[in-house]
Structure formats: structure tokens, C-alpha cells
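In our numbering, the protein residues as written are 13 to 143.
In C-alpha cells form, the structure reads like this:
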């Protein structure tokens, strides 16, 4: 794996950004936009996924990064669960639901893969360099 210098280079973060874009696109229309509680919770979960990947990377410690990646992955699962409510309430169509699920599945897979890689890596992070 090449050295990543910025969180924006992380494929899981890129997919989480796309997921957040899709969430905002779908939550600003129709009845979904009026269900403030669900709308805000769905948005928070997507932003949490994206944000925790970035924050974990910036912590400079592998164990901390893995912990933040775990939170990001959990937030993505939370988002998927909330999307079932949106689907059941007919705020989004089956096609829209599946489109978002494809991207969220990618976020979870990439995040999990990065976690696995970091667990097996010898590197502990920049904060431990020279120790």
C-alpha cells in the first residue's frame, strides 16, 4: 500500500463523501425534507462516517485510526438502518434506496479492509516514530 499523506486520498473517505452527497441530495426533497428528526439523523450518520475517517487519520496513531474507522463503519450501518425507515415511509424509492446502499456497502467494505490492513501493519503511526 502506498503511503497516504492526506485523508482525501483514502478511498473509503472518498466513498463516504459520495455517500454524504447522495444523502443530502435525497433528504432535501419532498416528505423526507419535512421529517426533520429522521432527515437530521440520516445526515449526521453520513457526516459521522466521513468525519471519523478523516479524524482518525489525523490522529497519527494506528490504534486510534482503527478505532475511528470502527466508528465510521458503525455510522454507515446506522445510516443504512435509517434508510429502511425512509424506504418504508416512501420518502425514497426502492431504486434510490439501492443506489445509496451500493455506496454505503462500498464505504463499509473499504473501511473494514483498511482496518484489517492496519491491524496487520508494522507501522504504529507518526506519533510513535523514533520510539
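Yeah, the Cβ is synthetic: ideal placement off N, Cα and C, and Gly gets one too.
Query: Buried or exposed by the 16-neighbour rule on C-beta atoms within 10 Å, applied to residue 45; Result: exposed
Query: Ranges of the alpha helix (DSSP H) found wholly within the segment 27-101, counting only runs of at least 4; Result: 42-46, 48-70, 74-100
Query: DSSP-derived helix/strand/coil call for residue 18; Result: coil
Query: Alpha-carbon to alpha-carbon, residue 110 and residue 38; Result: 13 Å
Query: Under 8 Å between C-beta atoms of residue 81 and residue 65; Result: yes
Query: Residue 122 and residue 24 closer than 8 Å at C-beta; Result: yes
Query: Chain B contact for residue 34 (CB, 8 Å cutoff); Result: Annotation note: the requested chain B is absent from the structure, which comprises a single protein chain.
Query: Residue 116 vs residue 88 beta-carbon contact at 8 Å; Result: yes
Query: Residue 104, enclosing alpha helix (DSSP H) - first and last residue; Result: Element bounds for residue 104: n/a, residue is neither H nor E.
Query: Three-way DSSP call (helix, strand, coil) for residue 23 in this model; Result: helix
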